[in-house]
Every structure is written in structure tokens, then in C-alpha cells.
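For the sequence shown, the numbering used here begins at 260 and goes up steadily by one.
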Amino acid sequence: MADFVYPPVLVAARLMFRLLDNRLRVTGAEHVPTRGGAVLACTHVSYLDFIYCGLGARPAKRLVRFMAKQEIFGNRVAGPLMRGMHHIPVDRAAGQASYDEAVARLRAGEVVGVFPEATISQSFTVKEIKTGAVRMAAEAGVPVIPMALWGTQRLWTKGRPRDLTRRHVPISVVIGEPMRPGPEDSCEALTTDLRARMSELLEKAQAEYPEAPQSDAERWWLPAHLGGSAPTPEEAAELDRRS
């Protein structure tokens, strides 16, 4: 499919990050295939994650088609961009059509990006994840590539004010080895394995992150088990139920 919108959007994003000196560090980029279909299964801590997940695939010169909720496509500004970049709208009341579209894109050799947690993790740990990433990869005969992001929550996350002009924020993108689900494999078992891999990558990104909170007020962007003031996974689950 022709891409007239996606490349200039990436150029604009890179320019903005350069102006803000957002120090993007991608590790494991060699795991993204340079051709053929693949599912990128990424952790979710920020409203900006799709941008950085997409940039993680750029060393392989791949454009990622994200599955995103239908409401974004109805937005007056974001909608035309989402359609122009050939992302995949998801109607949660009728998800089969978007699932089928994603499988068709994978079979056609596209890279499809998903956030298996479905919503932002307010605990900054990996929530329980959906089986869709594994199921579509198995059906299309393509790999699932786990990915974790860290630092993006400092710019814009759920329950916190946006800080999109904050300068010098390091952003880590960590990509793991591909999983290759087959049609005979247990989707539940593979999904458990995928979550474990995503958690391991996130913990690696957190351990290697070059900055720490400079005050108690900044401890909000660290998970509770690392001494931060973010909600525990149990508290975050309750917040999700209330929202």
C-alpha cells in the first residue's frame, strides 16, 4: 500500500524529539525482521507509546500498522492521520472485523503493532494481557516480537498532566527475541510466556534507565516495587475498574 502520510509524520516526530533532546535508545532492533509479517507486542505506559514503538522498528526500515480504538479514527485531527498511515481501527463491540483485517495485513507481509494489555498500566508493570497477539500470529504464520518501553510515562500517561515539552527525557525501547506460535500451540500458554517476556524486557529497561527521580514528588513515575509512588498492580486494577 502507498505511504504518503507515514514518512513525513515520522520525520516530524524525529524533529520534535531532537528539539526536545529526548534521548531515544533502541536495543534489540535486530529482532525486527526486515521483510515479512510480524506482530509487535508492546508494553503500555503512555499515550505516546505507539510513536516510540513505531520508531523501534525503523532500524529495520519497517512501518508499523497499529491496532487502535475506533474513537481515535473519528477525531477531526487524528482520524485523517490514522487512516493515512493505514492503522487498523478496533470496534470493541465488534472486534472480529479488526482481527481479520490484522491477520490479512500480516499475511500480506505487514508489521502489526498491538498493546496486549489493552489499556495503559498505571502501576508501570505488565498487566494481564489478551491472547489476540498470539492468536493472530499463529493464524497468519508470523512471529510475535515482544517489546518494552520506558520513560514515555514521564511525558504523558493516564492520571497525570501532559508534559510534552519536557526536555532531555531518556526514552528506552527494548526489543526481545521473536516467538513463533504455531496453530497447534496453546494460545493461553504462549500468552503467559509472552507476558513473562514483556515483563523481563520492562524490568531490563527500568534497571538500565539512566535517570532516577530527583525528589519525592518525582517518584510517581517509578513502580511501587522499585520504591516509587505509582499504584501497586492491585491498586491500579481497582482504578481501572472505576474508570
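Where is the CB? At the ideal position from N, CA and C, for every residue including glycine.
- DSSP, read as helix, strand or coil, puts Ala300 in strand.
- The three-state reading of DSSP puts Ala327 in strand, counting E and B together.
- Inclusion of Gln381 and Leu453 in the CB contact set at 8 Å is not warranted, their separation being larger than that value.
- Contact annotation: the segment 461-471 does not touch the segment 358-377, with fewer than three C-beta pairs closer than 8 Å.
- From the listed residues Pro402, Glu289, Arg394, Leu408, the smallest Cα separation to Phe383 is found for Leu408.
- Straight-line spacing of the CA atoms in Tyr265 and Ala455 works out to 32 Å.
- A Cβ-Cβ distance of about 5 Å is found for the pair Val349 and Lys328, placing them in contact under the 8 Å criterion.
- Contact between Leu307 and Thr411 holds: CB atoms are separated by about 5 Å, below the 8 Å threshold.
- Rounded to the nearest whole angstrom, the CA to CA distance from Arg413 to Pro339 is 27 Å.
- For Pro492, the number of other beta carbons within 10 angstroms of its own is at least 16, and it is reported as buried.
- The shortest CA-to-CA distance from Phe263 to any of Glu459, Arg342, Phe374 is the one to Arg342.
- The Cβ-Cβ distance between Leu283 and Leu322 does not fall below 8 Å.
- Judged by DSSP in its simplified three-state form, Gly372 adopts strand.
- It is roughly 32 Å from the alpha-carbon of Glu462 to the alpha-carbon of Glu330.
- Shortest Cα-Cα distance from Gly435 to any of Thr424, Met406, Cys301 involves Met406.
- The Cβ atoms of Pro375 and Pro402 do not sit closer than 8 Å to each other.
- DSSP lists Ser431 as the beta-bridge partner residues of Arg284.
- Close CB contacts of Met395 within its chain, under the 7 Å cut and outside five residues either way in sequence, are with Val298, Tyr358, Ala361, Val362, Leu365 (chain order).
- Residue burial annotation: Thr293 is exposed, with fewer than 16 other C-beta atoms found within 10 angstroms of its C-beta.
- Met326 and Val371 do touch by the CB rule: their CB atoms are close to 7 Å apart, below 8 Å.
- Rounded to whole angstroms, Lys389 and Pro267 show a C-alpha spacing of 32 Å.
- Membership of Pro348 in the beta strand (DSSP E) is indicated by the continuous run 347-349.
- Beta-bridge pairing by DSSP links Ala407 to Val433.
- Of the other Cβ atoms in all chains shown, 16 or more fall within 10 Å of the Cβ of Asn281; this residue is therefore buried.
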